[in-house]
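A quick write-up on the structure given underneath.
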Amino acid sequence: MNLLIIGINHTSAPVELREKVAFTPDQLEVALNDISTQAGLQEVAILSTCNRTEIIASGDNIQALRITRWLADYHRIDTADLEHSIYILTDNEAALHAMRVASGLDSMVVGEPQILGQFKDCFAQARQFGTLGGELDHLSQTSFRVAKKVRTETAIGKSSVSVASTSVTLAQQLFSDLSDCNILIIGAGETSGLVGRHLVSAGIKHITVANRTLKNAQRLAHELGGSAIDLQSIPTKLPETDIVIASTAAPLPILGKGTVERALKSRKHRPILMVDLAVPRDIEPEVSELRDIYLYSVDDLQQIVDTNINSRQEAARDAETILTEEISSYRTRHQTKGAEEKLVRFRDHHNNIKTEELERAVARLQKGADPTEVLTQLANQLTNKIIHIPSVQLKAAIDDDAEDLVAIISTLYNLDDNVE
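Going by the working numbering, the first residue of the sequence shown is number 30, and it counts up by one from there.
If you want it as structure tokens, here you go:
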């Protein structure tokens, strides 16, 4: 098959090393052409994400050491730095790995969908820069199809496995159309930004960020396309708010039961989802006692996340079963394809002999040579050239006691004693 994958990922190398061997998009054209030349590769693609860098190659007599040295030289690091972190996969093992990567089974977060897009981009870039051939194209198309099958037939990507994404899932379950909802994010730190970006991706359009430091609230609000207020303005904003996400470092609760109760009076039983991601809590636990309030703490969300992670692990086992079946089919198709290619070369080889000797015989006849002599020489030349390589191989097999090869040649040429 001559398929090879060499790389490092989040399980084999620390982030400090992964950073050193990562490729930026504007480096890929030069890198792909350089590795093709330096490592003698007929086909090559480079997959580079925050969690992995992999060289995916195909060709005759591929040397893994040459590719490893190229990777180290390109990024100006010592080859020894890679030796304990790099993995080398060949043929069927490499094909199975590619399918697992595309399906999200090899990701840090099992089932995450971003890797499939990155995987597609990797092969699209190889095609664009002229380093994608039939072997890698077949691998990529098979991996895409398998990844789609895994996502269709298992629950690998159907449950949230982060607190941020789970917050959005809860909102989607409570409100039919998030685009009509008003969101209040209390806090402007990393967690608030992460949840905010998830909300924007889910279609949220009306976001207000409240923070003790107004400047920080304005910074995050600008990123999310929303507005900013200070903490003192929260009671005024709360009556029109449908979803509250709270994540500050305040030592005491910011939202009390009384403030929320007053806001509810003007909402006419319209519910409010409150997600408190802070420790210590930003929202008094007693708020959950109020009618039309759905309050979730970080522990509540973590329980959901843990349940979803277990669900994904079960789905991953189902997905591995699919991949086992698919790699078997891939191997069979590839073997059949390889056999067909060898048969074509076998026929071409003998047709070339025929054409060469026939042209030589016709030329002699045109010069007036005796037809019987020409035909006799033609027959002898054809016989000698056709049986030369099999004869050499048969003699070598007999000398080496290679009984299996002798048996194969005997079968091909009907050499058994009982065959007349």
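Here a beta-carbon is modelled for each residue, glycine too, at the ideal position from N, C-alpha and C.
Opening and closing residue of the beta strand (DSSP E) in which Leu260 lies: That residue, Leu260, is in no beta strand (DSSP E); it is neither H nor E in DSSP.
Neighbourhood of Ile416 by C-beta distance below 8 Å, restricted to the same chain and skipping five residues each side: none
Check whether Ile34 and Glu83 have beta carbons under 8 Å apart: yes
Sequence-distant residues of its chain with Cβ nearer than 6 Å to Ile236 (five each side left out): Ile212, Leu253, Gly255
Outcome for Ile96 when other beta-carbon atoms lying within 10 angstroms are tallied against a minimum of 16: buried
Met128 in three-state terms, based on DSSP: helix
The segment 169–183 touching the segment 193–202, judged by at least three CB pairs closer than 8 Å: no
Contact set for Lys383: own chain, Cβ-Cβ below 8 Å, skip 5 residues either direction: Leu411
Simplified DSSP state of Leu33, which is helix, strand or coil: strand
Helix, strand or coil at His227 according to DSSP, with G and I counted as helix: helix
Runs of beta strand (DSSP E) lying entirely within the segment 103–161, each at least 3 residues, in chain order: 116–119
Residue burial classification, Phe148 (beta-carbon count within 10 angstroms, cutoff 16): buried
Glu313 vs Gly285 beta-carbon contact at 8 Å: yes
Status (buried if at least 16 other CB within 10 Å, exposed otherwise) for Met461: For residue 461 there is no data in the structure shown, the boundaries of the chain being 30 and 449.
Where the alpha helix (DSSP H) through Leu76 begins and ends: Unbroken run through Leu76 is the beta strand (DSSP E), 72–77; no alpha helix (DSSP H).
Option nearest Asp328 by Cα separation, candidates Thr361, Ala193, Val73, Ala257: Ala193
Classification of Glu343 by the beta-carbon crowding that lies within 10 angstroms, buried from 16 upward: exposed
Residue burial classification, Thr401 (beta-carbon count within 10 angstroms, cutoff 16): exposed
Sequence-distant residues of its chain with Cβ nearer than 6 Å to Leu352 (five each side left out): Met128
Cβ-Cβ distance between Phe52 and Ile75 below 8 Å: yes
Secondary structure of Asp305, DSSP reduced to three states: strand
DSSP beta-bridge partners of Thr25: Given that the chain is displayed from residue 30 to residue 449, the structure contains no residue 25 and the question cannot be resolved.
Nearest-angstrom Cα separation, counted from Gly222 out to Ala250: 9 Å
Rounded straight-line distance, which links the Cα of Asp377 to that of Thr78: 44 Å
Counted within 10 angstroms of its Cβ, other Cβ atoms place Met303 as buried (16 or more) or exposed: buried
Nonlocal neighbours in the same chain, by C-beta distance under 7 Å from Glu315, ignoring five residues either side: Lys286
Reference Thr183, options Val273, Ser114, Ser340, Ala60, closest by Cα: Ser340
Whole-number beta carbon distance between Phe158 and Leu57, since they are thought to touch under 8 Å: 7 Å
Separation of Thr361 from Asn121, as counted between CA atoms: 11 Å
Reduced DSSP category for Ala279 - H, G, I as helix; E, B as strand; rest coil: coil
Burial state of Tyr359 (16 or more Cβ within 10 Å): buried
Inter-residue spacing [alpha-carbon to alpha-carbon] between Asn38 and Tyr116: 9 Å
From Gln422, Glu112, Val289, Ile214, residue whose alpha carbon lies closest to that of Ala275: Ile214
Simplified DSSP assignment, three categories, for Asn62: helix
Integer Cβ distance of Leu330 from Thr195, believed to fall under 8 Å: 5 Å
One or two residues paired with Asn38 in a DSSP bridge: Arg81
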